[in-house]
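Start counting the sequence shown at 1402; every next residue gets the next number (the working numbering).
Here's the structure we're looking at; comments come further down.
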Amino acid sequence: DNKVISSKDLAGKIVVLHFWDYDSEPLTEPYGQVGYLDFLSNKRKRYGIEVIGVATNESFADPAKTTGALRSVRKLREFMNLGYPIATDDGTLVAKFGDPRKLGAKLPLWVVIDPEGKIAHYHVGFYAIKPDEGLRPLDEAVMKQIKTK
């Protein structure tokens, strides 16, 4: 939606960031684990949790490619009917958290930030999923922050 998400807007909140490697086409299953993240976002929304998906690719730094890339990100958000915002990153933001790709690992990267702005949970790669438990380790990290808030 071309809105800027500022760190001031997130101050004092528990924030979940989900960095994923943006690839415009085609949309292929399993679409990462965004469906499970959307479920967690809706389940914990009443606690004021902020969930933000972050599509990450160097192409976002190129103004000539940005419009098409944003359209594709919006398409994924609409296709998956996601209730949380998706931001774009040219690699600058993920680098501030420690880009796992610099060490040969792959995205996704999951980061939970506590209300004081400190990293409370950091996970590289996909979570092992049991369909009836979803993103349990991530949910446990979020609940730990809720209980200490």
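Backbone N, C-alpha and C fix where the C-beta goes; we use that ideal spot for every residue, glycine too.
If you're wondering where the values come from, they're calculated on a predicted model, not measured in any experiment.
Could you tell me whether the Cβ atoms of W1421 and L1508 are closer together than 9 Å?
Cβ distance < 9 Å, so W1421 and L1508 count as in contact.
Which ranges does the beta strand (DSSP E) cover as unbroken runs of at least 3 residues, wholly within the region 1408-1477, from first to last along the chain?
1416-1422 and 1451-1457
Could you round the C-beta distance between I1514 and V1416 to whole angstroms and report it? I think they count as a contact, below 8 Å.
4 Å
Identify the residues that DSSP records as bridge partners of G1535: which are they?
K1531
Can you tell me which of the three DSSP states A1354 falls into?
The chain is shown from 1402 up to 1550; residue 1354 falls before or after that span and cannot be answered.
I'd like to know whether the C-beta atoms of S1460 and T1468 end up nearer to each other than 9 Å.
no
Quick one, which of T1457, L1510 and H1522 has its alpha-carbon nearest K1545's?
H1522
Using DSSP with H/G/I as helix, E/B as strand and the rest coil, what is A1488?
Secondary structure of A1488 (DSSP, three-state): strand.
Could you tell me the alpha carbon to alpha carbon distance between I1530 and P1538, rounded to whole angstroms?
10 Å
Quick check on the DSSP output: the alpha helix (DSSP H) that includes V1513 runs from which residue to which?
Run containing V1513: none in the alpha helix (DSSP H); it sits in the beta strand (DSSP E), L1510 to I1514.
Would you mind stating whether G1492 and N1458 have Cβ atoms separated by less than 9 Å?
yes
Counting along the chain, where does the alpha helix (DSSP H) carrying A1506 start and finish?
Unbroken run through A1506: none, as it is neither H nor E.
Going by CA-CA distance only, name the one from V1455, R1447, G1526 and A1465 that's closest to P1501.
G1526
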